[in-house]
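This report refers to the structure that appears directly beneath it.
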Amino acid sequence: MTRAAKKPKLQVERFIQPSSTPAVKLIREYAFTNGCTTLQTGHVSLGEAALESEPSGSLYKPHAIQDWPGYNDWDEVSPSCDPPIITGDVLQDKRKEYAADNPLLVWLLDRQFFLDKTIFLEGRGHEGRHTVCLCGSEIEEPKYRCRDCFGMEMYCRHCTVERHQSSPLHVIEEWNGSFFQRTHLKSLGLRVQLGHPPSDHCYNPRPSTGNDFIIVDINGIHDVALDFCGCHTAQLRYKQLLQVRWYPATTTDPQTAATFNILEHYQLLSFKSKISAYEFYHSLARHSDNTGLSPIKDHYSVFMRIVHEWCHLRQLRRSGRGHDPGGIAETKAGELAVVCPACPHAGKNLPQGWENSPSATRWLYALFVAIDANFRLKRKAVSSD
Ligand SMILES: [Zn+2]
Ligand SMILES: [Zn+2]
Ligand SMILES: [Zn+2]
Numbered sequence: 189m190t191r192a193a194k195k196p197k198l199q200v201e202r203f204i205q206p207s208s209t210p211a212v213k214l215i216r217e218y219a220f221t222n223g224c225t226t227l228q229t230g231h232v233s234l235g236e237a238a239l240e241s242e243p244s245g246s247l248y249k250p251h252a253i254q255d256w257p258g259y260n261d262w263d264e265v266s267p268s269c270d271p272p273i274i275t276g277d278v279l280q281d282k283r284k285e286y287a288a289d290n291p292l293l294v295w296l297l298d299r300q301f302f303l304d305k306t307i308f309l310e311g312r313g314h315e316g317r318h319t320v321c322l323c324g325s326e327i328e329e330p331k332y333r334c335r336d337c338f339g340m341e342m343y344c345r346h347c348t349v350e351r352h353q354s355s356p357l358h359v360i361e362e363w364n365g366s367f368f369q370r371t372h373l374k375s376l377g378l379r380v381q382l383g384h385p386p387s388d389h390c391y392n393p394r395p396s397t398g399n400d401f402i403i404v405d406i407n408g409i410h411d412v413a414l415d416f417c418g419c420h421t422a423q424l425r426y427k428q429l430l431q432v433r434w435y436p437a438t439t440t441d442p443q444t445a446a447t448f449n450i451l452e453h454y455q456l457l458s459f460k461s462k463i464s465a466y467e468f469y470h471s472l473a474r475h476s477d478n479t480g481l482s483p484i485k486d487h488y489s490v491f492m493r494i495v496h497e498w499c500h501l502r503q504l505r506r507s508g509r510g511h512d513p514g515g516i517a518e519t520k521a522g523e524l525a526v527v528c529p530a531c532p533h534a535g536k537n538l539p540q541g542w543e544n545s546p547s548a549t550r551w552l553y554a555l556f557v558a559i560d561a562n563f564r565l566k567r568k569a570v571s572s573d
């Protein structure tokens, strides 16, 4: 953060003061320097005298900064909150109430800080003061940051590309002077090479058709610059994609793929939260662009085809077809179906001698099949999903 400007504006807000704790003030300082706005939030312990000398007036009334303790005396954490013991009308109980009993009430004391911080981090945060990238290059400004990497550091274009050779699906933002704007590693110059380890160089790279390749991943839909390997040992294109856990949409000249991660994630969500594929896919599209100003090409039907194939493969795996010497071709009718554990199965969930039970109790081992108005095969024709 930039230190206070020459003539900073200071706003003071009264902190909630439990009667048993020392007087504490929450101070929020806004400074305007060279067109940049910075914000610092902190707490200051104040004596009785300071309290009495406090200028009267409404909250948020601006005061001169010299009226208040030095910046170095500020404490990021309220002294009254370590460890906070909450008393008062809200908590009338026989035993003492501790912070852990009411985390929401404790959080309320710092609510303003949380709000300020989330807004602060939408901008460059403390990174705004760096004019040179960590690599030392003075040619390029450090104006890129990654939403998926750990940390808030900003790097130059060259460093950003180098750091993402092994994570080409991270979301990159560029500082345009006023706010962060989403950009793509492709436009920064990153090319993804298949068929070789990330650090290796392919001597015969073959770009994807039209130099356009779409990857659907958990953090959105990505347009990447993809090179297939064209060496004499190279495998077919769809096999090169599968090798890096990207599921190709087609086996001939694929131009779209979904990561294994997103397919596993979608399958879990569809079971546990009953999310529909349509809602899921369009949430992903929103993840990429929530403004609708730069709509991306719809790949919903392609994604559905991949999901269809993926679920079928999962079925085959669960049924043990992957380890059968005969493979998929030897699968018998009904072999992929999951046997109903509630239905009667002789030798599994029926007692010995159930066939000889008297007619009065024989119904216990009968299979009852019911059908209701909605359970009809012809409903399969309603949706193409
Ligand atoms: Zn750099
Ligand atoms: Zn990253
Ligand atoms: Zn190669």
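Numbering (our numbering), first residue to last: 189 to 573.
Every residue gets a Cβ at the ideal spot worked out from N, C-alpha and C, and that includes glycine.
- If the five residues before and after P532 are omitted, its C-beta is found closer than 7 Å to the C-beta atoms of L538, Y553 and L555, all from its own chain and listed in chain order.
- At a Cβ-Cβ threshold of 8 Å, H487 and N407 do not count as neighbours.
- Straight-line measurement puts the Cα of T444 at about 24 Å from the Cα of L504.
- Spatial neighbours of S545 in its own chain (CB-CB distance under 6 Å, excluding positions within 5 residues in sequence) are not present.
- Between the region 345–359 and the region 300–320, the count of C-beta pairs closer than 8 Å stays below three; the two stretches do not touch.
- The region 403–420 and the region 352–365 touch, with no fewer than 3 CB-CB distances between them shorter than 8 Å.
- Between G383 and C334, the gap from beta carbon to beta carbon reaches 8 Å or more.
- Residue environment: C528 is assigned as exposed (fewer than 16 neighbouring CB atoms within 10 Å of its CB, all protein chains considered).
- For C390, the shortest C-beta to heavy atom distance toward ligand 3 is below 7 Å.
- Note that the region 289–300 does not touch the region 323–340; fewer than 3 beta-carbon pairs, one per stretch, sit closer than 8 Å.
- Assigned with DSSP and collapsed to three states, F448 falls in helix.
- Setting aside the 5 residues that flank it on each side, P395 is surrounded in the same chain by D415, each with a C-beta closer than 6 Å to its C-beta; the list follows chain order.
- Pairing M342 with F367, the inter-Cα distance amounts to about 14 Å.
- CA-to-CA, the gap between A446 and L292 works out to about 40 Å.
- Bounds of the alpha helix (DSSP H) holding Q300 are R299 to F308.
- Here A517 carries a helix assignment [DSSP, helix/strand/coil].
- Residue environment: F401 is assigned as buried (16 or more neighbouring CB atoms within 10 Å of its CB, all protein chains considered).
- Going by DSSP, T439 is part of no alpha helix (DSSP H) at all; its letter is neither H nor E.
- Shown here, L429 sits in a helix according to DSSP, grouped into three states.
- Distance check between G311 and each of W295, W363 and G339 places W363 closest, using alpha-carbon atoms only.
- Taking a C-beta distance under 8 Å as the contact criterion, Y454 and V490 do not qualify as a contact pair.
- Around the beta carbon of L481, a 10 Å sphere encloses fewer than 16 other beta carbons of the protein chains shown; the residue is thus reported as exposed.
- Using a 10 angstroms sphere on the CB of P386, the tally of other CB atoms stays under 16, which defines it as exposed.
- Annotation for K374: D411, V412 and A413 place their beta carbon closer than 7 Å to its own, counting only its chain and skipping 5 residues before and after.
- Distance check between M492 and each of Q540, A437 and L524 places A437 closest, using alpha-carbon atoms only.
- Every residue whose Cβ sits closer than 7 Å to any heavy atom of ligand 2 is listed here in chain order: C334, D336, C337, R351, H352, S355 and H358.
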